[in-house]
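Heads up: the protein sequence lines correspond to chains A and B, in order. Numbered according to our numbering, the first sequence spans residues 223 to 412. Numbered according to our numbering, the second sequence spans residues 1475 to 1634. See structure below.
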Amino acid sequence: MRKKIAVLIVGIIIVISIILAVLFKRDDQQKIVEEINAMNLPLTDVGPIEFVDNDHALAIFLWSGIGHIGVAELDKTLFGWDISRATSEFLSGDVQFVELNHFSVIQTWADPSVQDVSVELENGVIDSAQILIKEGDTKKGEISFRNWLYYSDTEDLSNAIVTTYDKDGEVVEVIEVPDQPNEGLDRTVE
Amino acid sequence: MKKKVIVLGIAIGVIVVGSLIKSYYHQVQEKEYDRIRQIRYYANVSETFKLGSYYYSTNDPVKVRYYPTSYTQYRVERWKVLAELLPYIEYPEALIKENKWEEAVRMLEEDIEAYRDYYSSKEYSEQEVMVHPREVMAFIGDNSRSDNVTELLEEANFED
């Protein structure tokens, strides 16, 4: 009799834990959004997330309404994701060129007409950048993102030339990447 | 009798363990509030001077480094001119040259406090033509100008 009750209790505990685990299961996307929100910057809006591989991700985010734009690099941990580096700057619409923990990243808004983005590195290598889209829920005051993003953990992205094309293959814009990442962390004012 | 002792023992045990857990969570929460305060303060500094921020760590302790953007210069110019025109307001050139913005902004806040005391010590008739302490940050950060600020700037031939 006692044994039966013990088995029953263990059984109930297992069933409840499975139900809880299923109910509160969050995917990587949600965990990354939570991690960036946990920085507690005023009015954070997490944009598109790029999963580089199983253990690394890059996320674009805005804070202060649309005042500042940031890029965060995240590493996967046992239970979630952890920001290893993050950077943000005053939103100007210029290309953002940042060096994070493992990756160098260039990104900025993609005009709605832009369909293709090609990146020519200083060493002559030509590659294409992705256009990342995240539809924001306007009811929640979220912003929709459409950004192009290119990253590398081996190549130097300084002085790269980025060319954006529309659907007819016409050039929309030619963007020169600065020679220093992070707007030059050592730069000072006059 | 024995039963009573066991029940009492369990009750005390539950209370002790419960309060330990509670005080532990309280500490964790306090720490989290501190972290959030710190991040908010950093955000405010970079917001006021339109600085870029580079976070080496977003967990406790928060580690961030600032760098000026092209919009920072205007704010610095406005700070400099006020330092020349108002008593107690100083422009910490060395700190800013080293991008020690957090310290520089703390100093500005202290200077504004000192200027506020000076302002309060004046007669009402004098205060009317003085720059209000509140306007110092508003002018540096947002270029908002009251009549008194405009007049002061005109006298000093400040151009932006």
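Think of the CB as a built atom: it goes at the ideal place given N, C-alpha and C, for glycine as much as any other residue.
C-alpha gap between residue i and residue j, whole angstroms
{"i": "B:Asn1573", "j": "B:Lys1537", "result": "14 Å"}
{"i": "A:Arg368", "j": "A:Val268", "result": "12 Å"}
{"i": "A:Pro334", "j": "A:Ile238", "result": "48 Å"}
{"i": "A:Gln252", "j": "A:Phe273", "result": "13 Å"}
{"i": "B:Tyr1540", "j": "B:Thr1546", "result": "11 Å"}
{"i": "B:Tyr1498", "j": "B:Glu1504", "result": "10 Å"}
{"i": "B:Glu1567", "j": "A:Met261", "result": "31 Å"}
{"i": "B:Tyr1598", "j": "B:Leu1559", "result": "20 Å"}
{"i": "A:Tyr373", "j": "A:Phe301", "result": "26 Å"}
{"i": "B:Val1488", "j": "B:Ile1480", "result": "12 Å"}
{"i": "A:Lys247", "j": "A:Ala281", "result": "21 Å"}
{"i": "B:Trp1575", "j": "A:Val396", "result": "34 Å"}
{"i": "B:Val1519", "j": "A:Thr385", "result": "35 Å"}
{"i": "A:Val320", "j": "B:Asp1534", "result": "23 Å"}
{"i": "B:Tyr1562", "j": "B:Glu1506", "result": "36 Å"}
{"i": "B:Glu1564", "j": "B:Asp1508", "result": "29 Å"}
{"i": "A:Leu265", "j": "B:Gly1526", "result": "17 Å"}
{"i": "A:Leu313", "j": "A:Ile288", "result": "7 Å"}
{"i": "A:Val229", "j": "A:Val255", "result": "40 Å"}
{"i": "B:Ala1578", "j": "A:Ile235", "result": "57 Å"}
{"i": "B:Lys1477", "j": "B:Val1491", "result": "21 Å"}
{"i": "B:Tyr1592", "j": "B:Glu1583", "result": "14 Å"}
{"i": "A:Pro400", "j": "A:Asn381", "result": "5 Å"}
{"i": "B:Gln1601", "j": "B:Leu1626", "result": "14 Å"}
Buried versus exposed, by CB contacts within 10 Å (16 or more), residue i
{"i": "A:Gly346", "result": "exposed"}
{"i": "A:Gln318", "result": "buried"}
{"i": "A:Asn404", "result": "buried"}
{"i": "A:Ser310", "result": "buried"}
{"i": "A:Thr330", "result": "buried"}
{"i": "A:Asn290", "result": "Sequence check: residue 290 of chain A is His here, not Asn. So A:His290 ends up on the buried side."}
{"i": "B:Lys1524", "result": "buried"}
{"i": "B:Leu1494", "result": "exposed"}
{"i": "B:Thr1532", "result": "buried"}
{"i": "A:Ile271", "result": "buried"}
{"i": "B:Asp1585", "result": "buried"}
{"i": "B:Ala1485", "result": "exposed"}
{"i": "A:His278", "result": "buried"}
Which of helix, strand or coil DSSP assigns to residue i
{"i": "B:Leu1559", "result": "helix"}
{"i": "A:Thr266", "result": "coil"}
{"i": "A:Val274", "result": "coil"}
{"i": "A:Phe312", "result": "strand"}
{"i": "B:Gln1512", "result": "helix"}
{"i": "B:Tyr1565", "result": "coil"}
{"i": "A:Arg307", "result": "strand"}
{"i": "A:Phe319", "result": "strand"}
{"i": "A:Val411", "result": "coil"}
{"i": "B:Ser1620", "result": "coil"}
{"i": "A:Val393", "result": "strand"}
{"i": "A:Thr360", "result": "helix"}
{"i": "B:Val1502", "result": "helix"}
{"i": "A:Ala228", "result": "helix"}
{"i": "A:Met261", "result": "coil"}
{"i": "B:Ser1599", "result": "helix"}
{"i": "A:Ser335", "result": "coil"}
{"i": "A:Val247", "result": "Residue identity check: residue 247 of chain A is Lys in the sequence provided, not Val. A:Lys247: coil per DSSP, three-state reduction."}
{"i": "B:Lys1574", "result": "coil"}
{"i": "B:Ala1630", "result": "coil"}
{"i": "B:Val1605", "result": "coil"}
{"i": "B:Met1611", "result": "helix"}
{"i": "B:Met1581", "result": "helix"}
Beta bridge counterpart(s) of residue i as assigned by DSSP
{"i": "A:Leu354", "result": "A:Asn369"}
{"i": "B:Pro1542", "result": "B:Leu1525"}
{"i": "A:Ile383", "result": "A:Glu342 and A:Glu398"}
{"i": "A:Trp285", "result": "A:His290"}
{"i": "A:Asp297", "result": "A:His278 and A:Asp304"}
{"i": "B:Lys1537", "result": "B:Ser1531"}
{"i": "A:Asp349", "result": "A:Val341"}
{"i": "A:Thr376", "result": "DSSP output for A:Thr376 lists no bridge partner at all."}
{"i": "A:Ile328", "result": "A:Phe319 and A:Tyr372"}
beta-carbon residue i near the ligand PLP non-hydrogen atom, thresh 7 Å
{"i": "B:Ala1485", "result": "The model depicted lacks the ligand PLP and carries no ligand whatsoever."}
Anticipated Cβ contact below 8 Å, residue i with residue j, distance rounded
{"i": "B:Val1550", "j": "A:Val411", "result": "5 Å"}
{"i": "A:Trp370", "j": "A:Ala332", "result": "4 Å"}
{"i": "A:Ser326", "j": "A:Leu242", "result": "A:Ser326 to A:Leu242, Cβ: 41 Å. No contact."}
{"i": "B:Glu1609", "j": "B:Ser1620", "result": "6 Å"}
{"i": "A:Ile258", "j": "A:Phe283", "result": "5 Å"}
{"i": "A:Ala308", "j": "B:Tyr1529", "result": "4 Å"}
{"i": "A:Glu295", "j": "A:Leu263", "result": "Not confirmed; about 16 Å, so no contact."}
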